[in-house]
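In this note's numbering, the protein residues as written are 3 to 246.
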């Protein structure tokens, strides 16, 4: 909706944000009716230390966290950044005045594929992280190819593949965290996971900064190379920590 308003609606630099403001303002009203599922802390004075404890990965799970969750998490939103920030910019000369609508379409396509593939991710169980990084590698390779070809259609294919990688990665990462955490530290570890995942949104800014010295074909080929390395690390981590 925001993308359509930006492309065709009145006040294109204002009206898209109004949509988000109205939706955000409605959320707290709805949340007031949600029952609390955890009792208040019996020791409010010790809450800061408790919060720090909640952010620690349990010792038996640390090896799997470092080898499986950590290399995969930034790709969750790194894939999003590639799909609907980098690719529309690369092909903007081919789509002309439809740039905002095209970027909106890639966003919907990427996130839609991510939602559609999530039931599959749940059935993959312990193999899901490897599947996620394999799909991420394919999506990054398509982005690198399109940095040379500059095809809007290939960019859409890359967004769809990256969306599948995103969907598998976000679900498998959360399932990994749930297996590692107890009831008292699940919230903290979930927060750590999302913090790592959101670092992926730095990727478009990093590429934009480096573009003064490097071309996008070279940079996106390097991104695909990093995805290959992460896939190797994740595959090794899944294998060596399977018993644990």
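For each residue, glycine too, the CB sits at the ideal point set by N, CA and C.
Under the three-state reduction of DSSP output, residue 65 falls in the helix class. When the Cα atoms are used, residue 65 and residue 153 turn out to be separated by approximately 42 Å. Spatial neighbours of residue 189 in its own chain (CB-CB distance under 7 Å, excluding positions within 5 residues in sequence) are listed in chain order as 56. For the pair residue 54 and residue 239, the Cα-to-Cα distance works out to about 26 Å. When only Cα atoms are considered, residue 206 and residue 89 end up about 10 Å apart. For residue 77, the three-state secondary structure derived from DSSP is helix. Pairing residue 6 with residue 109 gives a Cβ-Cβ distance that is not under 8 Å. Here the alpha carbon of residue 150 sits roughly 42 Å from the alpha carbon of residue 182. The C-beta distance from residue 75 to residue 168 rounds to 12 Å, too long to fall under 8 Å, and the pair is not in contact. For residue 186, there is no enclosing alpha helix (DSSP H), as DSSP marks it with neither H nor E.
Proximity to residue 4 across 103, 170, 82 and 163 peaks at 103, based on C-alpha coordinates. As the crow flies, the alpha-carbon of residue 127 is around 11 Å from that of residue 175.
Around the Cβ of residue 178, a 10 Å sphere holds 16 or more other Cβ atoms; the residue is buried. Judged by DSSP secondary structure, residue 38 falls outside any alpha helix (DSSP H); it is assigned neither H nor E.
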